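Numbering (our numbering) for the first sequence: 59 to 492.
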Amino acid sequence: MLDIQFIRDNAEAVTTKAAQKGYPVDVHALLAADEERRSLLGNVEALRRKRNENTETIKQAGGKPDEALIHQGKLIKMELAQAEEQLDGVEAHFEKLLRAVPNMPLEDVPVGATEEENVVAKKVGEPTKFDFAPKNHWEIVEPRDMLDKARAAKIAGSRFGYIKGDLVRLQFALVQFVMQTLGDETVIKKLVEENGLNVSTKPFTPILPPAMLRTEPYRASARLNAEEVTYKIEQDDLWLNASAEHTLCTMYWKEILPAEALPIRYIGYLTSFRREAGTYGKDAEGMIRWHQFDKLEMEVFSTPETGLEEHKLLVAIQEYLVQQLGLPYQVLQKCTADIGKPNARGIDIECWFPGQNTYRETHTADYMTDYQARDLQTRTRKADNTTVFVHTNDATAFATNRTMAAIIENNQTADGRIKIPEVLRPFMGNQAEI
RNA sequence: GGAAGGAUGUCCGAGUGGUUUAAGGAAACGGUCUUGAAAACCGUCGUGCCGGCAACGGUACCGUGGGUUCGAAUCCCACUCCUUCCGCCA
């Protein structure tokens, strides 16, 4: 959530920017509720003070029952109960309005009403050329028994699949490659320097996070999108994660991190689950949009000063990883409508899919400033002993299904085989193709 | 699934109705001493919210929610989580 003080000071800008993101919020209603809340809080606190003073008087008298004082205490109690009830109602209303306000986009985020208005920031590599008609990834792997969606549909329904054989080995090669690359300080240092960033060169810590989480931290992360995206385990009041980010960004819920711990950089590997409600018909074939998929996800906790630089580092890492695989791609600066409620800035990377003759999203990088941390109450202590909310960043390293689909389509041969990118070969027994 | 014990500030930990605006210790920060460091000693040191330019004042927070009481960290009820033991199990 946003700082209410910020909203008070910037009511017009908040209204405008929220609307740009597609979240029309009634800032005037929010500020009215805020004013009413503060006024009622004043009443309540004055009554509590009276109560405390009455108690103190009784205490001074040795705690002996004094009918008059006890009677007065009872009167205060009744009055207070009424005032508190009133305050509770207003506060609940206030909080609902406050939470409805999205994070403010940074200055360089293009204003747009739909994802059509995302801006292509750069293109790297040329769309792959073939001297034959390139196939879709499923046309390559299904006949070779590396992907079985029919049986998965029988067992689990649509948007599931059995991935088999060499494709499984390819997935674990991707995992190994990412863990090795992000764990290597020389790589991080190189990317920090090449991009002129002023951040730590600390490598990423590999992490296997939980796949389920409780409602309270999930809600605080501003990532709980109950109906369309997220599965609920009703019996145990747990949600299935829709991204490793959800159990990573919540890790330090209600904690104060020592300054020297930052930045905290994690590279997580986790199976994620999405309901994909309302997407019927989209990507019915292939392995792009499943209910269940594995993902390597980066998460960074940093000081406010370095938050934006960390975001840029994550994008640089994403580009580096894609380049290492030799995939053509474009970098998209997401517009206000597409960056998401808690985001201040968002970048997508789209890889070229020759079988579909188009670029398709494979990576996202999200910068939340302190919007998530405020609700999660994740803070750090500064040198002067005061505390400040941390900044959070998350970014895809590889979503394995989509990345493998891109590798399959770009590296296909005329006879229906798949060339393995050089950097992955050491993790596949030096096999050059599958 | 059965049983028991727990949950207190950055950490450890005392606290069973008013003396707690939470003891004590550790860590951290500042200082004294020292050639330097360590030790010792002195001092500072929880987090929100409201008001205030500020100094400061008020108020809340002892797992969560409710209740009893003039007054609750402390008593009552419900719930959540953690630990240990037994059972089951990858």
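Built from N, CA and C at the ideal position, the CB exists for glycine as well.
All values derive from a computational prediction rather than experimental measurement.
Three-state secondary structure (DSSP) of residue i
i, result
"residue 349", "coil"
"residue 354", "strand"
"residue 419", "strand"
"residue 410", "strand"
"residue 316", "coil"
"residue 64", "helix"
"residue 404", "strand"
"residue 207", "helix"
"residue 198", "helix"
"residue 433", "helix"
"residue 491", "strand"
"residue 193", "coil"
"residue 465", "helix"
"residue 91", "helix"
"residue 99", "helix"
"residue 214", "coil"
Closest residue to residue i among the options (Cα-Cα distance)
i, options, result
"residue 414", "202, 466, 229 and 144", "466"
"residue 86", "152, 235, 139 and 342", "152"
"residue 238", "326, 366 and 98", "326"
"residue 16", "206, 451 and 157", "Outside the modelled stretch of the chain, which goes from 59 to 492, sits residue 16, for which no answer is possible."
"residue 257", "456, 348, 248 and 221", "248"
"residue 147", "111, 98 and 190", "98"
"residue 277", "61, 378, 69 and 400", "400"
"residue 309", "274, 89 and 225", "274"
"residue 187", "131, 83, 362 and 386", "386"
"residue 246", "374, 166 and 281", "374"
"residue 389", "383, 395, 402 and 410", "410"
"residue 234", "472, 458 and 100", "458"
"residue 468", "113, 184 and 288", "184"
"residue 91", "149, 77 and 111", "149"
"residue 334", "482, 218 and 382", "218"
"residue 62", "490, 488 and 433", "433"
"residue 93", "293, 66 and 241", "66"
"residue 476", "296, 196 and 78", "196"
"residue 483", "229, 68 and 330", "229"
"residue 449", "463, 376, 365 and 396", "365"
"residue 486", "456, 199, 226 and 180", "226"
"residue 350", "435, 381 and 214", "214"
Close-in-space but distant-in-sequence residues of the same chain around residue i (CB under 8 angstroms, 5 per side omitted)
i, result
"residue 64", "72"
"residue 105", "134, 137, 138 and 141"
"residue 201", "474"
"residue 203", "222 and 223"
"residue 316", "438 and 439"
"residue 402", "161, 162, 163, 164, 167, 425, 426, 427 and 429"
"residue 209", "220"
Segment limits, beta strand (DSSP E) that includes residue i
i, result
"residue 233", "Run containing residue 233: none in the beta strand (DSSP E); it sits in the alpha helix (DSSP H), 224 to 240."
"residue 271", "270 to 272"
"residue 451", "449 to 457"
"residue 119", "No beta strand (DSSP E) holds residue 119; DSSP gives it neither H nor E."
"residue 390", "387 to 391"
"residue 472", "Taken as a continuous stretch (DSSP letters only), residue 472 belongs to no beta strand (DSSP E), as it is neither H nor E."
"residue 178", "177 to 182"
For residue i, the first and last residue of its enclosing alpha helix (DSSP H)
i, result
"residue 127", "125 to 157"
"residue 296", "It is not in any alpha helix (DSSP H) - residue 296 instead sits in the beta strand (DSSP E) that spans 296 to 298."
"residue 77", "69 to 78"
"residue 397", "Taken as a continuous stretch (DSSP letters only), residue 397 belongs to no alpha helix (DSSP H), as it is neither H nor E."
"residue 365", "365 to 383"
"residue 302", "302 to 306"
"residue 250", "243 to 252"
Opposing strand residues paired with residue i [DSSP bridges]
i, result
"residue 439", "445"
"residue 360", "449"
"residue 326", "265 and 355"
"residue 425", "403 and 451"
"residue 331", "350"
"residue 220", "206"
"residue 290", "297"
Contact set for residue i: own chain, Cβ-Cβ below 6 angstroms, skip 5 residues either direction
i, result
"residue 305", "267, 268, 271 and 299"
"residue 88", "155"
"residue 177", "168 and 391"
"residue 259", "243, 246, 247 and 250"
Residue i beta carbon near the ligand NAD (any heavy atom closer than 7 angstroms)
i, result
"residue 75", "Among the components modelled here there is no ligand, and therefore nothing to report on the ligand NAD."
Beta-carbon contacts of residue i that lie in its chain and below 7 angstroms, excluding the five residues immediately before and after
i, result
"residue 144", "98"
"residue 460", "346 and 420"
"residue 408", "387, 388, 390, 417, 418, 419 and 420"
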